[in-house]
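Everything on this sheet refers to the single structure shown next.
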Amino acid sequence: MSRFKIKQLEFESDTWKRQLAFMADENIHMKARLVEVLKDKQYAPSLEVAEAFQNQFIEQDSMIGILRNNVAEFDRLLKREVFEDGMLVDTVFAKHKILEADLIVAKKRFDEMKGHFNQHILEQH
Numbered sequence: 001m002s003r004f005k006i007k008q009l010e011f012e013s014d015t016w017k018r019q020l021a022f023m024a025d026e027n028i029h030m031k032a033r034l035v036e037v038l039k040d041k042q043y044a045p046s047l048e049v050a051e052a053f054q055n056q057f058i059e060q061d062s063m064i065g066i067l068r069n070n071v072a073e074f075d076r077l078l079k080r081e082v083f084e085d086g087m088l089v090d091t092v093f094a095k096h097k098i099l100e101a102d103l104i105v106a107k108k109r110f111d112e113m114k115g116h117f118n119q120h121i122l123e124q125h
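Going by our numbering, the sequence shown opens with residue 1, and the numbers climb by one from there.
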């Protein structure tokens with residue numbers, strides 16, 4: 001595989017890592033916001049709603065962790081220097097395609113969850 005292609009794949013991997021870090025950070029902020037809202041008895045959502053959001057935040061943490069591990073595995077694959085008979089090259093591109101699709105879906109789900117959370121909080125006030 002050409003050095004140019006490897007560099008491009010490394011660039012995309014770094015982009016994925018930044019996206020996942022941003023999602024993790026946003027998830028932390030939403031958890032903190034939920035705590036703030038729960039402290040305000042006048043606007044606090046029901047316990048069931050708060051628990052549902054907390055469960056969604058936990059699911060997002062889990063999904064982000066899995067994707068981070070998958071990206072790290074992809075990075076290790078890129079670092080291997082021996083591309084025997086094109087088999088590893090095919091593996092790298094297959095893994096890239098899967099990760100790219102997984103990250104698109106994860107970002108969409110995360111954004112939907114975040115939007116739903118923010119909208120719910122606004123509707124409570």
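Glycine included, every Cβ here is placed at the ideal spot set by N, Cα and C. All values reported here derive from a predicted model rather than from experimental measurement.
Is the Cβ-Cβ distance between residue i and residue j less than 8 Å?
i    : j    : result
P45  : V37  : yes
V92  : W16  : no
I58  : L20  : no
L67  : A24  : no
D75  : N27  : no
F53  : F117 : yes
L131 : I6   : The structure shown does not extend to residue 131, since the chain spans only 1 to 125, so no value can be given for it.
Y43  : Q119 : no
What is the residue span of the alpha helix (DSSP H) that residue i lies within?
i   : result
S62 : 47-79
Would you mind sorting residue i into buried or exposed? The rule is 16 or more other CB atoms within 10 Å of its CB.
i    : result
L9   : buried
M1   : exposed
L122 : exposed
L47  : exposed
Next on the checklist: Quick check on the DSSP output: what are the complete beta strand (DSSP E) runs of length 3 or more inside the stretch 1-39, in order along the chain?
Outcome noted: Given a length threshold of 3 residues, the stretch 1-39 has no whole run of the beta strand (DSSP E) inside it.
Checklist entry - Does the stretch 98-106 come within contact of the stretch 62-79, defined as at least 3 CB pairs closer than 8 Å? => result Taking 8 Å as the limit for Cβ pairs, the verdict is that the stretch 62-79 does touch the stretch 98-106.
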